[in-house]
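Reading through the structure tokens given below for one structure.
Now the structure itself:
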């Protein structure tokens, strides 16, 4: 495929890019990195990685994906496949370094914002910081990386019930944090009913 330009690759679907990359076309894989690099780094940041660490793990994930690109069958989205690789690499890294108490009860964040503060602009990344490390990892794996509860339990080497509990508590906290006014309205309706 000599002479193929990036413009041609930019128009291709991810599965087509994977096919080209599997036969050695590096520019096709470069297009996949361009398309999905920021979302992979974003997932890693939501899982708790610092910016430089997220960059390192994302790079490792793309290198792993490049080496294993022939294993990608197109049965799911490439974005989900690369995010699962990145999430597993990050989990191995933090488990190996033992620098995070994965399932402590306290969130890493300094404190929680008052739920009724209408002026506080809250985004998902900030809300995720209020979760315990275990809740953040489980929610990020199941909703950011697209792993099932069972796959997350296997990746974390935890009982399925523990992962489900972390996900439920994490989602409940995120709902309360991201929609505080809705919760207040619901409470008000219950009191009036």
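In this note's numbering, the protein residues as written are 12 to 204. All C-beta atoms in this analysis are idealised placements derived from N, C-alpha and C, irrespective of residue type, glycine included.
Review point. In angstroms, rounded to a whole number, what distance separates the CA positions of residue 146 and residue 30?
Key: Along the chain shown, one-based indexing puts residue 146 at 135. Along the chain shown, one-based indexing puts residue 30 at 19. If I take the Cα positions, the gap works out to 37 angstroms.
Check your understanding: According to the neighbour-count rule (16 or more other Cβ atoms, all chains shown, within 10 Å of its Cβ), is residue 25 buried or exposed?
Key -> In the chain shown, residue 25 corresponds to position 14, counting from 1. Result: buried.
Review point. Pick from 183, 189, 166, 157: whose alpha carbon is nearest that of residue 87?
Key: On the chain shown, position 76 is the one that residue 87 refers to. Answer by Cα proximity: 157.
Review point. Is it right to say residue 54 is buried, meaning 16 or more other beta carbons lie within 10 angstroms of its own, or is it exposed?
Key: Translated into positions along the chain shown, residue 54 becomes position 43. Looking at its Cβ environment, which holds 16 or more other Cβ atoms inside 10 Å, residue 54 is buried.
Practice item. Please look up how many angstroms separate the CB atoms of residue 7 and residue 56, rounded, as I've assumed it's under 8 angstroms. Key: In the structure as shown, the chain starts at 12 and stops at 204, and residue 7 therefore has no counterpart that could be examined.
**Study point:** Under the three-state DSSP convention, the category residue 81 falls into
**Key:** Within the chain shown, the letter at position 70 stands for residue 81. Looking at residue 81 - three-state DSSP - the assignment turns out to be helix.
**Study point:** Residue from 151, 166, 143 with nearest C-alpha to residue 103
**Key:** Taking the chain shown and counting its residues from 1, the one referred to as residue 103 is at position 92. Comparing Cα positions, the closest option is 166.
**Study point:** Reduced DSSP category for residue 36 - H, G, I as helix; E, B as strand; rest coil
**Key:** By 1-based counting over the chain shown, the position of residue 36 is 25. Here residue 36 sits in coil by DSSP.
Review point. Is it true that the segment 74 to 88 meets the segment 29 to 46, where meeting means three or more beta-carbon pairs spaced less than 8 angstroms apart?
Key: yes
Check your understanding: With burial defined as no fewer than 16 other Cβ atoms inside 10 Å of the residue's Cβ, what is the status of residue 161: buried or exposed?
Key -> Working through the chain shown from its first residue, we reach residue 161 at position 150. Classification of residue 161: exposed, given that the 10 Å Cβ count is below 16.
Exercise for review: Note down, in chain order, each residue of its chain lying with its Cβ closer than 6 angstroms to the Cβ of residue 52, except the 5 sequence neighbours on either side.
Suggested key: Taking the first residue of the chain shown as 1, we reach residue 52 at position 41. Cβ within range, chain order: 65, 69.
Point to revise | DSSP-derived helix/strand/coil call for residue 165 | key: For this step, residue 165 is matched to residue 154 along the chain shown. Helix at residue 165.
Exercise for review: Classify residue 32 as buried or exposed, calling it buried when 16 or more other Cβ atoms lie within 10 Å of its own Cβ.
Suggested key: Locating residue 32 in the chain shown gives position 21, counting from the first residue. Answer is buried; the Cβ neighbour count reaches 16.
Check your understanding: Who are the near neighbours of residue 71 in its chain, counting only those whose CB is closer than 6 angstroms to its CB and skipping five residues on each side?
Key -> By 1-based counting over the chain shown, the position of residue 71 is 60. Answer for residue 71: 100, listed in chain order.
Check your understanding: Can you tell me where the alpha helix (DSSP H) with residue 177 in it begins and where it stops?
Key -> Stepping through the chain shown from its first residue, residue 177 is reached at position 166. If you look at residue 177, you'll find it in the alpha helix (DSSP H) that goes 171 to 189.
Point to revise | DSSP three-state assignment for residue 94, whether helix, strand or coil | key: Position 83 of the chain shown holds residue 94. Reduced to three states, the DSSP call for residue 94 is helix.
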